[in-house]
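Student:
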Amino acid sequence: MRPDGPVRTTARVARAPTPLEPAGGGPVARVAVDVTLAHLDRPFDYAVPPEIDAAVVPGARVVARFAGKQVSGYVLERVDASGHTGRLEPLRRAVSREPVLTAEVARLCRAVADRYAGTLASVLRMAVPPRHARVEREEPAPAVHGPPPAVVAGDWAHVDGGPALLG
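The sequence shown begins at 6 in this note's numbering and counts up one residue at a time.
1. Using the C-alpha atoms, what's the distance from Arg120 back to Val36?
2. Helix, strand or coil for Asp50, going by three-state DSSP, please let me know.
3. Arg47: buried (16+ other C-beta within 10 angstroms of its C-beta) or exposed?
4. Using the beta-carbon count (16 or more within 10 Å), is Gly159 buried or exposed?
5. If I measure Cβ to Cβ from Val110 and keep anything under 7 Å in the same chain, skipping five residues before and after, which residues do I get?
6. Using DSSP bridges, identify the partner residues of Gly91.
7. Buried or exposed, going by whether 16 or more other CB atoms sit within 10 Å of the CB of Leu113?
8. Count the other C-beta atoms from every protein chain shown that fall within 10 angstroms of the C-beta of Asp85, then say buried if there are 16 or more, exposed otherwise.
9. Quick check: the segment 143 to 159 against the segment 53 to 70, are there 3 or more CB pairs under 8 Å?
10. Excluding five sequence neighbours on each side, which residues of the same chain lie with their C-beta closer than 6 Å to the C-beta of Asp39?
11. What are the boundary residues of the beta strand (DSSP E) that includes Ser77?
12. Rounded to the nearest angstrom, how far is the Cβ of Leu93 from that of Ala43, given a contact under 8 Å?
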């Protein structure tokens, strides 16, 4: 019996995946993916492709493939090796070059998630402001440094030990 429509007479041959060259500065990125499932509340290791190596710094936002979907995440650190024995999935892209998550804030978010039975991803959503691409493209304003404001000892007279703070 012949099927309706065109029939393929040859089979497609799958291409072999191109091996990734390790990136400089630690070829593995440890990423906190934005997944709020409690049993997945840990960092995952990803290979860093050379084309985005410079932008993948600790604290930067990235996009990675996780469970068949593109998910956002934060680079927690760059390491030389992974404890994962299988092939590491490469990061898809760096969202911005601007690091938005400091190590101190990441540790604090982890502590809050542990203390209040939450996930790191849910705490990070509240701790890190949303991205504004237009602002990231703007040049930062130069820092203005001037003399410190004058402090009058009388301003602190009502505070117990206040004048002693002024030296």
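Glycine included, each C-beta is placed from N, C-alpha and C at the ideal position.
Quick caveat, the model's predicted, so the values are computed rather than measured.
Tutor: Walking through what the data contain:
1. Cα-Cα distance, rounded: 21 Å.
2. In the structure shown, Asp50 sits in a strand (DSSP, three-state: E or B).
3. Burial call: exposed.
4. Classification for Gly159: exposed.
5. These residues qualify, in order along the chain: Ala132.
6. Bridge partners of Gly91: none, in fact.
7. Exposed.
8. With fewer than 16 Cβ atoms within 10 Å of its Cβ, Asp85 is classed as exposed.
9. Three or more Cβ pairs closer than 8 Å define a contact, and the segment 143 to 159 falls short of that threshold against the segment 53 to 70.
10. Beyond the five residues adjoining it in sequence on each side, Asp39 comes within less than 6 Å, by CB distance, of Val76, Ser77, Gly78, Ala126 in the same chain, given in chain order.
11. DSSP places Ser77 in the uninterrupted beta strand (DSSP E) bounded by 74 to 84.
12. Contact between Leu93 and Ala43 is ruled out by a C-beta separation of about 24 Å, above the 8 Å threshold.
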